[in-house]
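**Student:**
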Amino acid sequence: MAANPLARWFRRITSLLTVSFLLLALVASAALGDHANDSCTLLSDANKQQTSVAENSSPSGSRTGVSATIRAIDPNPAVQTVIVRSLYIFKDSTQANFIEYGWKWLINVSASTHVNDTFDFEPKPFAVRVANGTYFLTEGPASNPPPGWASVDPGTNHPFRIEANIDGSHPNTFYFFRDGLDSGNLFHGLMQNGFVVSGSEGNALCDSLFTHHFSMQRETGAGWNTWSNAVKLTSSFGFPDKSKWWYFDKISNGDYRLDHCTSANCSDVN
Amino acid sequence: MQLADQDKGRLLVLAAAALIAAASVTAYLASARDDVSDDFAARGVGAPNPEPGKEVPIEEVEELIRQNEGPLLPQQGKFPADSVSRAWVDDYGSFGFQFHSGLSVIFSLESRSHQEAQTAFREMVEADIADYGFSPFTVEGIRATVGLAHEAASDGPASLGWREGGLLIQIIGYGGESLSELRELASSMSATATTE
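Chains as they are written, first to last, in this note's numbering: chain H, 1 to 270; chain A, 271 to 466.
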């Protein structure tokens, strides 16, 4: 029996459309890099995954230094946009003045609009100074000053430290030490009081926020001591928790991890 | 070479599928770019906390300014006190005002002496002006001897900072205000102390 020409045409259209949509799905999948448990689409700065931990919700006394050993992770799947692990000293709640030091791994340069922020082949130490809302980032051995040199190996732990006024005569100079070695400094003439924060960032939902910050200390007039607490910050501090796939696990006041959830937006522990 | 009707039809459908795929990818990439650029434009580089501290009545912040002999916002002009959208106080010795545009006026208790602050400002200008772009400025009326000024640039908004009374005062043009507008506001702020 001869086939109906209209039915044959319909079958052809249907099969071609099916193939087209399969190809389209393949292209979209590649574009989205949808190989983790969520999209690898580059998120805006306001919507990126971020978890920040402060010493206290209302600290008393000024902090002039902060230190922690931070794991340089080796994520699987690999970094898609940019991930950051860092320590901060903030002047106040405005975020208009702070010092930041840690490592960054920038793969998609569109994920950053900061001047001097460049592609990284592996985790690279960096330092940031924000003064009166003006952002200054320095990284790499050729920068001035160099906040450390070369890179840090993925899968290894590294002590990072920010300390102001190490010689007692430079209260506005913030010195950086990585693995105990002098790694340069930045001058900030508007910082006096300070509170300390540590953080983990990733600009795609498929990027890892896993971190392990431990041996966390801060410096006051009484010297260096373990953080008195480790509190996950909220939107009231300008640090909304946007860690869809990562939960906060406080091990002790000076030791916390961000670990992977088994389902989205799972609860913190401890 | 002549194409059969069915081949023409197949080519037509393939072309349509390719167009759909190309349009989809283009739209996806464009939307991703728009998402990022719109947001950075809205937040700015080195984005501020949109709601610092705890919101309080404007009079509470004005009283703190008076207690520390700082300058009050003007009653008239482009940025008068009655157009403040939010007054706030935080736990870190800072308090201030925000305007609807995003313009921020921040006051911080200054633990340094006037001389120490002046030295810090001068060092900040001299130490790395090439990287940082701060320049010295003086508030008209000589309420402060030296402050820091920064033109709006790719690394941040226009800003001013100076010490007056017992306070460090910072005006930051998060709403896109120009440095000249900030200078105008600084000049119009009325000192609550007659001497430094």
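Glycine included, every Cβ here is placed at the ideal spot set by N, Cα and C.
If we define contact as Cβ-Cβ less than 7 Å, is residue 305 (chain A) a contact residue for chain H?
**Tutor:** As a working note, residue 305 (chain A) is residue 35 in the second sequence. Interpretation of residue 305 (chain A) is limited by its pLDDT of 37, a score under 50 that renders its predicted location unreliable; no figure is taken from the coordinates.
**Student:** Using three-state DSSP, classify residue 388 (chain A) as helix, strand or coil.
**Tutor:** On the second sequence, residue 388 (chain A) is found 118 positions in, with the first residue counted as 1. Residue 388 (chain A): helix per DSSP, three-state reduction.
**Student:** Can you check DSSP and say which residues form a bridge with residue 227 (chain H)?
**Tutor:** The sequence position of residue 227 (chain H) within the first sequence is 227, counting from 1. Residue 227 (chain H) is not bridged to any residue.
**Student:** Do you know offhand how far residue 352 (chain A)'s Cα is from residue 72 (chain H)'s?
**Tutor:** Taking the second sequence and counting its residues from 1, the one referred to as residue 352 (chain A) is at position 82. Taking the first sequence and counting its residues from 1, the one referred to as residue 72 (chain H) is at position 72. So the alpha carbons of these two residues sit roughly 50 Å apart.
**Student:** The beta strand (DSSP E) that contains residue 430 (chain A), what's its start and end?
**Tutor:** Along the second sequence, read from residue 1 onward, the residue named residue 430 (chain A) stands at position 160. Per DSSP, residue 430 (chain A) belongs to the beta strand (DSSP E) from 429 to 434.
**Student:** Please state whether DSSP places residue 84 (chain H) in a helix, a strand or coil.
**Tutor:** Looking up residue 84 (chain H) in the first sequence gives position 84. Three-state result, residue 84 (chain H): strand.
**Student:** I need the DSSP call for residue 38 (chain H), collapsed to helix, strand or coil.
**Tutor:** The residue you call residue 38 (chain H) lines up with position 38 of the first sequence. Three-state DSSP puts residue 38 (chain H) in coil, outside helix and strand.
**Student:** At least one CB of chain A closer than 7 Å to the CB of residue 87 (chain H): is that the case?
**Tutor:** Working through the first sequence from its first residue, we reach residue 87 (chain H) at position 87. Taking Cβ atoms only, chain A never reaches closer than 7 Å to residue 87 (chain H), which makes this a no.
**Student:** Can you name, in chain order, every residue of its own chain whose Cβ lies under 6 Å from the Cβ of residue 171 (chain H), other than the five neighbours on each side?
**Tutor:** Translated into the one-based positions of the first sequence, residue 171 (chain H) becomes position 171. Same-chain partners within the cutoff: 165.
**Student:** As a quick exercise: from H:122, H:221, H:223, H:41, pick the residue whose alpha carbon is nearest that of residue 111 (chain H).
**Tutor:** Start at 1 with the first residue of the first sequence, and residue 111 (chain H) comes out as number 111. Checking every option, the nearest Cα to that of residue 111 (chain H) belongs to H:41.
**Student:** Over the uninterrupted alpha helix (DSSP H) stretch that includes residue 359 (chain A), give me the two end residues.
**Tutor:** Counted from its first residue, the second sequence places residue 359 (chain A) at position 89. Unbroken run through residue 359 (chain A) is the beta strand (DSSP E), 354 to 359; no alpha helix (DSSP H).
**Student:** Closest to residue 456 (chain A) by CA distance: which of A:318, A:322, A:340 is it?
**Tutor:** Here residue 456 (chain A) is taken as the residue at index 186 of the second sequence, counted from 1. The shortest Cα separation from residue 456 (chain A) among A:318, A:322, A:340 belongs to A:340.
**Student:** Let me check understanding here. Comparing Cα to Cα, which of A:447, A:433, A:426 lies closest to residue 95 (chain H)?
**Tutor:** In the first sequence, residue 95 (chain H) corresponds to position 95, counting from 1. Looking at the Cα atoms, A:426 is the closest of the given residues.
**Student:** Determine whether the beta carbon atoms of residue 126 (chain H) and residue 139 (chain H) lie at a separation below 7 Å.
**Tutor:** Here residue 126 (chain H) refers to the residue found at position 126 of the first sequence. Here residue 139 (chain H) refers to the residue found at position 139 of the first sequence. In this structure, residue 139 (chain H) lies closer than 7 Å to residue 126 (chain H) by Cβ.
**Student:** For residue 116 (chain H), collect the residues of the same chain with a Cβ closer than 6 Å to its Cβ; drop the 5 residues on either side in sequence, then sort them by chain order.
**Tutor:** Your numbering for residue 116 (chain H) matches position 116 in the first sequence. Counting only Cβ-Cβ distances below 6 Å, and skipping sequence neighbours, we find 137.
**Student:** Going by DSSP in three states, residue 67 (chain H) sits in which element: helix, strand or coil?
**Tutor:** Numbered from its first residue, the first sequence carries residue 67 (chain H) at position 67. Looking at residue 67 (chain H) - three-state DSSP - the assignment turns out to be strand.
**Student:** So which residues on chain A does residue 91 (chain H) lean against when the C-beta distance must stay under 8 Å?
**Tutor:** Indexing the first sequence from 1 puts residue 91 (chain H) at position 91. By Cβ distance, chain A contributes 362, 364, 378.
**Student:** For a contact defined as C-beta to C-beta under 7 Å, what are the partners of residue 230 (chain H) on chain A?
**Tutor:** Here residue 230 (chain H) refers to the residue found at position 230 of the first sequence. Under the 7 Å cutoff, chain A gives no residues; its nearest Cβ is about 17 Å from residue 230 (chain H).
**Student:** Could you check if residue 134 (chain H) belongs to the surroundings of the ligand ADP, using beta carbon to heavy atom distance under 6 Å?
**Tutor:** As far as ligands go, the structure on display features none, and thus does not contain the ligand ADP.
**Student:** Taking the beta strand (DSSP E) that residue 201 (chain H) belongs to, which residues open and close that run?
**Tutor:** Translated into the one-based positions of the first sequence, residue 201 (chain H) becomes position 201. Per DSSP, residue 201 (chain H) belongs to the beta strand (DSSP E) from 195 to 202.
**Student:** So who's on the other strand from residue 185 (chain H), going by DSSP bridges?
**Tutor:** Taking the first sequence and counting its residues from 1, the one referred to as residue 185 (chain H) is at position 185. Its beta-bridge partners are H:175.
**Student:** How long is the line joining the alpha carbons of residue 326 (chain A) and residue 361 (chain A), rounded to whole angstroms?
**Tutor:** By one-based count along the second sequence, residue 326 (chain A) stands at place 56. By one-based count along the second sequence, residue 361 (chain A) stands at place 91. Going by the C-alpha atoms only, they are around 13 Å apart.
**Student:** Could one say the Cβ of residue 385 (chain A) lies closer than 7 Å to chain H's Cβ atoms, at least one of them?
**Tutor:** On the second sequence, position 115 is the one that residue 385 (chain A) refers to. Chain H, which has no Cβ nearer than 7 Å to the Cβ of residue 385 (chain A), makes this no.
**Student:** Under 8 Å, with one C-beta from each stretch per pair, do the stretch 76 to 93 of chain H and the stretch 204 to 217 of chain H reach the 3-pair mark?
**Tutor:** Judged by Cβ distances under 8 Å, the stretch 76 to 93 of chain H makes contact with the stretch 204 to 217 of chain H, as three or more pairs qualify.
**Student:** Please list the residues of the stretch 184 to 196 of chain H that have a C-beta atom closer than 7 Å to any C-beta atom in chain A, keeping them in chain order.
**Tutor:** Within the stretch 184 to 196 of chain H, the residues whose Cβ lies closer than 7 Å to some Cβ of chain A are 187, 189, 190, 192, 193, 195, listed in chain order.
**Student:** Please classify residue 269 (chain H) as buried or exposed, where buried requires at least 16 neighbouring CB atoms within 10 angstroms.
**Tutor:** Position 269 of the first sequence holds residue 269 (chain H). It is exposed - the Cβ of residue 269 (chain H) has fewer than 16 other Cβ atoms within 10 Å.
**Student:** Taking residue 92 (chain H) and residue 229 (chain H) to be in contact with their CB atoms under 8 Å, please state how far apart those CB atoms are, rounded to whole angstroms.
**Tutor:** As a working mapping, residue 92 (chain H) is identified with position 92 in the first sequence. As a working mapping, residue 229 (chain H) is identified with position 229 in the first sequence. About 19 Å separates the two Cβ atoms, so there is no contact after all.
**Student:** Short of 7 Å Cβ to Cβ, which residues in the stretch 330 to 355 of chain A face chain H?
**Tutor:** Cβ contacts with chain H come from no residue of the stretch 330 to 355 of chain A.
**Student:** Since residue 366 (chain A) and residue 374 (chain A) are thought to touch, with beta carbons under 8 Å apart, how far apart are those beta carbons, to the nearest angstrom?
**Tutor:** Here residue 366 (chain A) corresponds to residue number 96 of the second sequence, with the count starting at 1. Here residue 374 (chain A) corresponds to residue number 104 of the second sequence, with the count starting at 1. Indeed they touch by this definition, with Cβ atoms about 6 Å apart.
**Student:** Give a yes or no on whether the minimum CB-CB distance between residue 55 (chain H) and chain A is below 7 Å.
**Tutor:** Numbered from 1 along the first sequence, position 55 holds the residue referred to as residue 55 (chain H). For residue 55 (chain H), the answer is no, since every Cβ of chain A falls outside 7 Å of its Cβ.
**Student:** What separation, rounded to the nearest whole angstrom, lies between the Cα atoms of residue 332 (chain A) and residue 368 (chain A)?
**Tutor:** As a working note, residue 332 (chain A) is residue 62 in the second sequence. As a working note, residue 368 (chain A) is residue 98 in the second sequence. So the alpha carbons of these two residues sit roughly 13 Å apart.
**Student:** Quick one: what does DSSP say residue 409 (chain A) is sitting in, helix, strand or coil?
**Tutor:** Here residue 409 (chain A) corresponds to residue number 139 of the second sequence, with the count starting at 1. The answer is coil: DSSP assigns residue 409 (chain A) none of H, G, I, E or B.
**Student:** In whole angstroms, what separates the C-alpha of residue 387 (chain A) from that of residue 434 (chain A)?
**Tutor:** Translated into the one-based positions of the second sequence, residue 387 (chain A) becomes position 117. Translated into the one-based positions of the second sequence, residue 434 (chain A) becomes position 164. In a straight line, the C-alpha of residue 387 (chain A) is about 10 Å away from that of residue 434 (chain A).
**Student:** With residue 430 (chain A) and residue 407 (chain A) assumed to form a contact (beta carbons below 8 Å), what rounded beta-carbon distance in angstroms separates them?
**Tutor:** Taking the second sequence and counting its residues from 1, the one referred to as residue 430 (chain A) is at position 160. Taking the second sequence and counting its residues from 1, the one referred to as residue 407 (chain A) is at position 137. Contact holds; Cβ gap of about 7 Å.
**Student:** Got a sec? Which residues, its chain only, sit under 7 Å from residue 308 (chain A) by beta carbon, not counting five neighbours each side?
**Tutor:** The residue given as residue 308 (chain A) occupies position 38 in the second sequence. With a pLDDT of 34 at residue 308 (chain A), under the threshold of 50, the predicted position of this residue should be treated as unreliable, though the coordinate-derived value follows. Within the same chain, residue 308 (chain A) has no close Cβ partners at all.
**Student:** Pick out whichever of H:69, H:75, H:248 has its Cα sitting closest to the Cα of residue 266 (chain H).
**Tutor:** Working through the first sequence from its first residue, we reach residue 266 (chain H) at position 266. Comparing Cα-Cα distances from residue 266 (chain H) to each of H:69, H:75, H:248, the minimum goes to H:248.
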